[in-house]
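Student:
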Amino acid sequence: MTVAFKLPDVGEGIHEAEIVRWLVNVGDSVREFDPIVEVQTDKALVELPAPTTGTILEIKAEAGHLAHVGDVIVVFGNPGEAAAEAPSANTGTAEAYVSAASGTAASATAAAVSAPQSSASVSHPAGRPLATPATRKLARELSVDLKLVPGTGKAGRITKEDVQRFHADGASGSVSAAPAADESPSVATAPAAKTVAPTPAPAPLTPGAPGTEERVALRGLRRTIAQRMVHSAFTAPHVTAFDDVDMTELIQYRKRANEVLADRNIKLTYLPFLLKALVSALKAFPYLNAHMDDAAGEIVLKKDYNLGIAVDTPDGLLVPVVKHVDRKSILDLAAEIKTLVDKTQSRTLDVSEMKGGTFTISNMGPIGGLFATPILNYPEVGILGIHKIEEKPVVRNGEIVIRSMMNLSLSFDHRVIDGATAVRFMNHMKRLLENPNLMFLEMN
Amino acid sequence: MVVGDIAVETEVVVIGGGPGGYVAAIRAAQLGKDVTLIDKDTVGGVCLNRGCIPSKALIHAAKTASSARKADVMGIKVSGVEVDMEQVQVWKGGVVQKLTGGVSSLLKANGVHVVSGNAVIMADNRIGVETAKGMEYFKFEHCILATGSRPVQLPAFPFDGEYILSSTEALTLTEVPSSLLVLGGGYIGLELGTAYAKLGSQVTVIEMGPNLLPGVDPALVQIVKKNLKKLGVEILTQAAASKYEVREGKLQVTVDVQGQEQVLRADKMLVTVGRRPNTEELGLEQVGLQPDARGFLETDAQMRTQHPNIYAIGDITHGPMLAHKASKEGIVAAEAIAGHQSAMDPVGIPAVIFTDPEIATVGLSESQAKEQGVRVVTGKFPFAANGRALTTNDGDGFCTVVAEAQTGVVLGVHIVGPEASTLIGEATLALEMGATLEDFHLTVHPHPTLTEVLMEAAADADGVAVHIAKRR
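Structure below.
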């Protein structure tokens with residue numbers, strides 16, 4: 000008997016994952032729960048365990064391959080079974096399988112709550128997309144997945160025009176909107192038409208002279224970041240407001256706090272304080288703690304205060320979320336931020352730890368720079384860039400004095416928030432950060 | 000070609016010149032590839048030489064004899080219909096030759112290099128061919144395997160060409176056997192059994208299962224079975240032949256019929272118990288390809304095997320062993336090699352059986368659709384209510400259309416009746432086009448023709464058939 004292992008739904012709403020590395024080879028014997036493959040989802044690197052004890056008969060998705068949830072990626076046989084008996088994928092007793100055993104894998108709860116989130120595929124009469132052979136050929140040529148195309152014809156039939164429109168719409172957000180006119184994929188690497196990628200291919204750029212450039216495939220996290228940024232930048236009209244904050248008082252306060260905490264081996268950063276000031280401002284200006292639901296045409300005001308923190312990793316930006324910042328102490332927040340940042344940098348973050356954000360903070364202080372224009376973590380409507388604290392000459396009571404100043408860059412979705420609100424929001428934060436005692440009075 | 004290890008370079012090698020291989024070779028050549036086609040026999044494969052074409056010639060000859068005998072109802076009196084089997088074979092041979100000659104000249108016109116011999120894969124890009132002149136070697140970029148299938152031989156009944164016949168030998172008999180046993184009531188057995196019954200043999204069909212034509216809707220088979228009985232064919236179901244001996248030039252075959260042993264006597268026995276893919280002795284192991292236990296090779300939708308440069312098409316791949324499937328797969332493989340985004344994605348592959356009357360189906364049957372959880376409506380129209388069918392004295396059979404209930408999208412068409420094989424073409428196009436019941440019955444069909452049954456069956460499903468009383 001063989002078991003066809005399908006790519007499981009490794010987290011909420013995730014439909015595809017890149018096969019990063021196989022930890023086993025064809026012919027290897029594995030035990031149930033042994034890790035067999037690393038996959039990269041939109042969010043995290045996930046290790047998938049073997050669903051059963053047996054022999055690896057066939058690896059169906061090579062490293063680098065983008066697999067969709069439900070695709071058979073590996074076929075198992077009974078221990079010692081030969082590959083010859085492996086049935087075709089759809090006859091295998093396949094069962095999607097999610098690990099709760101491995102600490103690095105998506106948690107079982109993440110999988111459990113993921114069920115209702117269906118893919119974007121359109122429902123079709125007769126269980127298949129209705130399209131003529133010529134239309135199906137066009138779809139293959141344009142790498143359009145017909146399952147995703149709404150048909151405008153009789154009985155939901157998909158016309159050639161529907162495919163062309165879908166292709167054009169899909170490509171309109173990308174840098175190059177030209178349709179792939181002269182696409183001649185190399186035969187060895189051309190994907191089987193059954194698995195055409197749903198993303199439309201833009202026209203290739205003319206390659207430069209040999210040796211003058213290196214081409215890097217847009218894969219994994221980079222690809223996800225690219226898609227998210229394009230969607231956010233071309234959906235939400237961004238405006239960025241800037242301000243500076245006098246951090247001198249807070250520096251003093253933090254210094255004293257760290258002295259007290261020294262024997263407990265705790266060293267606070269500024270981030271927990273910033274989060275607290277942010278929550279206070281978000282409570283005062285609820286429209287900044289919101290999501291824009293474009294499909295419904297509604298602004299969703301969030302009652303939770305879950306703040307995303309943009310973390311730089313060698314593979315690209317990831318945003319772990321600190322949940323319920325309003326209900327946690329400075330010390331709790333400090334500990335939680337440390338755990339999340341460590342997990343992010345080692346890429347062992349749980350998918351659920353990146354979900355549910357209501358507002359994002361991007362700390363560029365440790366790296367440098369004066370200002371930035373952050374792109375929103377869509378569908379959130381606000382993102383705050385915080386910059387380096389530097390001693391600067393400022394005027395106080397008619398005199399030039401040296402104070403520790405920090406710049407803030409607040410980008411917001413102008414559909415939801417107007418400039419005046421944004422500035423008032425920053426003023427609120429600024430007042431708290433400049434007067435830490437005030438901030439503590441607000442804490443619960 | 001100089002004997003030795005020097006390999007001739009070619010872009011595409013096609014092994015097997017049947018309806019899959021020769022079509023693939025021509026399409027690859029049309030797309031600018033340098034193509035070499037290797038066949039161990041005559042191009043055209045089983046289809047042209049030992050299958051579809053010769054059997055249909057034989058079936059038509061037999062039908063002509065049978066029609067002549069039945070013509071008296073129309074007032075045509077034909078006496079003394081004689082079958083000159085040698086002449087039948089000459090005529091059949093001529094038809095085959097015309098077609099294989101046509102294939103050869105098409106291959107030539109497209110610049111395909113045809114090599115006669117046995118091909119063995121030696122390495123990822125090398126093939127050896129045992130020709131009459133010795134070994135020849137070819138270096139290829141892509142290879143299309145199209146080696147087809149052969150009749151399964153039963154250990155207890157080895158083919159001898161004299162008493163125990165495969166379909167190949169049954170097509171070349173120069174005498175009509177006075178009695179013929181047909182072991183295996185599948186489509187090949189029934190087609191040939193019917194032909195020989197019409198040519199004058201006393202035919203007995205021995206089928207292991209409870210029904211003839213396993214896998215075909217029993218309602219369709221029923222009409223054929225009735226007609227076989229009319230022709231005097233004896234049908235034994237749940238019957239298994241175990242051994243035979245030859246006594247005084249006659250076969251004596253021991254058959255267990257529903258638990259009771261019988262000894263059947265006949266001149267010859269045709270064994271048609273299935274076909275097996277020709278995937279042995281091809282050197283597949285040299286390139287790491289391993290067929291499954293039944294001999295089939297796994298491919299993707301572009302017919303590529305697990306080896307990136309090697310494609311497989313036709314009877315050696317999964318799915319029905321049908322020439323038109325092989326041809327389509329050949330086109331897909333050739334186009335994929337040329338970098339086109341072609342794929343094997345038919346909504347339905349039509350199946351035709353040249354019994355009397357013919358059976359032809361495409362798409363889902365009512366029960367298959369229900370198994371898939373689809374709500375269906377069906378419509379049915381009998382040939383007995385079709386003018387054209389009656390004018391040819393062929394009123395047996397009916398046409399069923401299965402459609403999705405809500406949208407009317409046609410999911411399947413099933414025909415038993417005259418020219419079912421031809422009628423299924425329209426139905427197949429309709430399926431591929433995503434046609435609805437309305438599309439069928441709003442289309443003007445020519446009168447008086449058999450095609451009207453499609454229109455009427457679809458109209459019946461919508462409750463608007465004109466030439467039949469409302470069923471519900």
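Here the protein sequences come in this chain order: A and B.
The opening residue of the first sequence carries number 0 in numbering that gives the first Met the number 0; numbering runs sequentially from there.
The opening residue of the second sequence carries number 0 in numbering that gives the first Met the number 0; numbering runs sequentially from there.
Backbone N, C-alpha and C fix where the C-beta goes; we use that ideal spot for every residue, glycine too.
Treat the numbers as computed from the prediction; the structure is a model and nothing was measured.
1. Please determine if the region 183-195 of chain B and the region 258-272 of chain B are in contact, where contact requires at least 3 C-beta pairs separated by less than 8 Å.
2. Could you have a look at residue 118 (chain A) and say whether DSSP puts it in helix, strand or coil?
3. Going straight from the alpha carbon of residue 269 (chain A) to that of residue 235 (chain A), what length do you get?
4. According to DSSP, simplified to helix, strand and coil, what is residue 245 (chain B)?
5. Please return the same chain residues whose Cβ sits closer than 6 Å to the Cβ of residue 174 (chain B), not counting the five positions on each side in sequence.
6. Assuming contact is defined by CB atoms lying nearer than 8 Å, are residue 433 (chain B) and residue 141 (chain A) in contact in what I supplied?
7. Looking at chain A, is there any beta carbon in it that lies within less than 8 Å of the beta carbon of residue 260 (chain B)?
8. Within the same chain, show all residues whose beta-carbon is closer than 6 Å to that of residue 12 (chain B), passing over the 5 residues directly before and after it, in chain order.
9. Should residue 494 (chain A) be labelled buried (16 or more other beta-carbon atoms within 10 Å of its own) or exposed?
10. Using only alpha-carbon positions, find the residue among B:250, B:178, B:88 and B:89 that is nearest to residue 159 (chain B).
11. Indicate the three-state DSSP secondary structure (helix, strand or coil) for residue 330 (chain B) in the structure shown.
12. Just to confirm, are residue 281 (chain B) and residue 146 (chain B) a CB contact at a threshold of 8 Å?
13. Just by C-beta distance, which residues in the region 406-419 of chain B are closer than 7 Å to chain A?
14. Quick one: which chain A residues come within Cβ less than 7 Å of residue 432 (chain B)?
15. With 8 Å as the threshold, decide whether the Cβ of residue 435 (chain B) is near any Cβ in chain A.
16. Counting only beta-carbon atoms, is residue 155 (chain A) nearer than 8 Å to chain B?
17. Report whether the distance from the Cβ of residue 428 (chain A) to the nearest heavy atom of the ligand COA is below 7 Å.
18. Using only the alpha-carbon positions, how far apart do residue 412 (chain B) and residue 452 (chain B) sit?
19. Pick helix, strand or coil for residue 438 (chain B), following the three-state DSSP scheme.
20. Can you name, in chain order, every residue of its own chain whose Cβ lies under 8 Å from the Cβ of residue 286 (chain B), other than the five neighbours on each side?
21. Taking a contact to mean a Cβ-Cβ separation below 8 Å, would you say residue 99 (chain B) touches residue 47 (chain B) in this structure?
22. So with Cβ pairs under 8 Å, would you call residue 140 (chain A) a contact of chain B?
23. Looking only at C-alpha atoms, which of B:10, B:6, B:32 and B:42 sits nearest to residue 19 (chain B)?
24. What three-state label does DSSP hand residue 362 (chain B) in the structure shown?
25. Check the DSSP bridge columns for residue 413 (chain A) and list the partner residues they point to.
26. Exposed or buried, what is residue 445 (chain B) when buried is set at 16 or more other beta-carbons lying within 10 Å of its beta-carbon?
27. Which residues bound the alpha helix (DSSP H) around residue 162 (chain B)?
28. My output table needs one value for residue 331 (chain A): the three-state DSSP class, helix, strand or coil.
29. Apart from the five residues on each side of it in sequence, which residues of its chain come closer than 7 Å, Cβ to Cβ, to residue 444 (chain A)?
30. If you measure from the beta carbon of residue 135 (chain A) to each beta carbon in chain B, is any gap under 8 Å?
31. In chain order, what are the residue ranges of uninterrupted beta strand (DSSP E) at least 3 long that sit wholly in the region 20-78 of chain B?
32. Starting from residue 225 (chain B), trace the alpha helix (DSSP H) in both directions and tell me its first and last residue.
33. Taking 8 Å as the cut-off, decide whether the C-beta atoms of residue 438 (chain A) and residue 279 (chain A) are in contact.
34. Just the Cα atoms here: how many angstroms apart are residue 408 (chain B) and residue 436 (chain B)?
35. Given a cut-off of 8 Å on the beta-carbon distance, is the pair residue 267 (chain A) and residue 256 (chain A) in contact?
36. Return the chain-ordered ranges of every beta strand (DSSP E) run that is complete within the region 298-342 of chain B and spans a minimum of 3 residues.
Tutor: On the basis of the data shown:
1. yes
2. Reading the first sequence from its first residue, position 119 is the one you call residue 118 (chain A). For residue 118 (chain A), the predicted model reports a pLDDT of 37, less than 50, meaning its position is unreliable and no value from the coordinates is stated.
3. Position 270 of the first sequence, counted from the start, is the residue given in the question as residue 269 (chain A). Position 236 of the first sequence, counted from the start, is the residue given in the question as residue 235 (chain A). Residue 269 (chain A) and residue 235 (chain A): Cα-Cα distance of roughly 30 Å.
4. As a first step, residue 245 (chain B) must be located in the second sequence, where it is residue number 246. Residue 245 (chain B) falls in the strand class under three-state DSSP.
5. Here residue 174 (chain B) corresponds to residue number 175 of the second sequence, with the count starting at 1. The answer, listed in chain order, is 84.
6. Position 434 of the second sequence, counted from the start, is the residue given in the question as residue 433 (chain B). Position 142 of the first sequence, counted from the start, is the residue given in the question as residue 141 (chain A). No, they are not a contact pair.
7. Residue mapping note: residue 260 (chain B) aligns to position 261 of the second sequence, counting from 1. Output row for residue 260 (chain B): interface = no.
8. Start at 1 with the first residue of the second sequence, and residue 12 (chain B) comes out as number 13. Closer than 6 Å at Cβ, skipping near neighbours: 35, 126, 137, 139 and 142.
9. Any answer about residue 494 (chain A) is impossible in this case: the structure gives chain A only from 0 up to 443.
10. Numbered from its first residue, the second sequence carries residue 159 (chain B) at position 160. Among B:250, B:178, B:88 and B:89, the Cα nearest to that of residue 159 (chain B) is on B:250.
11. For the purposes of this step, residue 330 (chain B) is identified with residue 331 of the second sequence, where counting begins at 1. Residue 330 (chain B) falls in the helix class under three-state DSSP.
12. By 1-based counting over the second sequence, the position of residue 281 (chain B) is 282. By 1-based counting over the second sequence, the position of residue 146 (chain B) is 147. In this structure, residue 146 (chain B) lies closer than 8 Å to residue 281 (chain B) by Cβ.
13. 406, 407, 408 and 410
14. Within the second sequence, numbered from 1, the residue matching residue 432 (chain B) stands at position 433. By Cβ distance, chain A contributes 131.
15. Stepping through the second sequence from its first residue, residue 435 (chain B) is reached at position 436. Chain A contact via Cβ: present.
16. Here residue 155 (chain A) is taken as the residue at index 156 of the first sequence, counted from 1. With 8 Å as the cut-off, residue 155 (chain A) counts as an interface residue toward chain B.
17. As far as ligands go, the structure on display features none, and thus does not contain the ligand COA.
18. By one-based count along the second sequence, residue 412 (chain B) stands at place 413. By one-based count along the second sequence, residue 452 (chain B) stands at place 453. Cα-Cα distance, rounded: 11 Å.
19. Here residue 438 (chain B) refers to the residue found at position 439 of the second sequence. Helix.
20. By one-based count along the second sequence, residue 286 (chain B) stands at place 287. Result list for residue 286 (chain B): 120, 122, 123, 306 and 309, in chain order.
21. Counted from its first residue, the second sequence places residue 99 (chain B) at position 100. Counted from its first residue, the second sequence places residue 47 (chain B) at position 48. It is a contact, given that the beta carbons lie within the stated cut-off.
22. As a first step, residue 140 (chain A) must be located in the first sequence, where it is residue number 141. Interface residue, yes.
23. Position 20 of the second sequence, counted from the start, is the residue given in the question as residue 19 (chain B). That would be B:42, whose Cα lies nearest to the Cα of residue 19 (chain B).
24. The sequence position of residue 362 (chain B) within the second sequence is 363, counting from 1. In the structure shown, residue 362 (chain B) sits in a strand (DSSP, three-state: E or B).
25. Numbered from its first residue, the first sequence carries residue 413 (chain A) at position 414. Answer is none; residue 413 (chain A) lacks a bridge partner.
26. One-based indexing of the second sequence puts residue 445 (chain B) at position 446. Exposed, by the Cβ-count rule.
27. Looking up residue 162 (chain B) in the second sequence gives position 163. Run containing residue 162 (chain B): none; DSSP gives neither H nor E here.
28. By 1-based counting over the first sequence, the position of residue 331 (chain A) is 332. Reduced to three states, the DSSP call for residue 331 (chain A) is helix.
29. No statement about residue 444 (chain A) is possible, as the shown extent of chain A runs from 0 to 443 and does not include it.
30. Along the first sequence, one-based indexing puts residue 135 (chain A) at 136. Yes - at least one Cβ of chain B is within 8 Å of the one on residue 135 (chain A).
31. 34-38
32. By 1-based counting over the second sequence, the position of residue 225 (chain B) is 226. Per DSSP, residue 225 (chain B) belongs to the alpha helix (DSSP H) from 217-229.
33. Here residue 438 (chain A) is taken as the residue at index 439 of the first sequence, counted from 1. Here residue 279 (chain A) is taken as the residue at index 280 of the first sequence, counted from 1. Against a cut-off of 8 Å, the Cβ pair of residue 279 (chain A) and residue 438 (chain A) comes out as a contact.
34. Position 409 of the second sequence, counting from 1, holds the residue named residue 408 (chain B). Position 437 of the second sequence, counting from 1, holds the residue named residue 436 (chain B). Using only the alpha carbons, I get a separation of about 6 Å.
35. Within the first sequence, numbered from 1, the residue matching residue 267 (chain A) stands at position 268. Within the first sequence, numbered from 1, the residue matching residue 256 (chain A) stands at position 257. Cβ atoms of residue 267 (chain A) and residue 256 (chain A): closer than 8 Å.
36. 309-311
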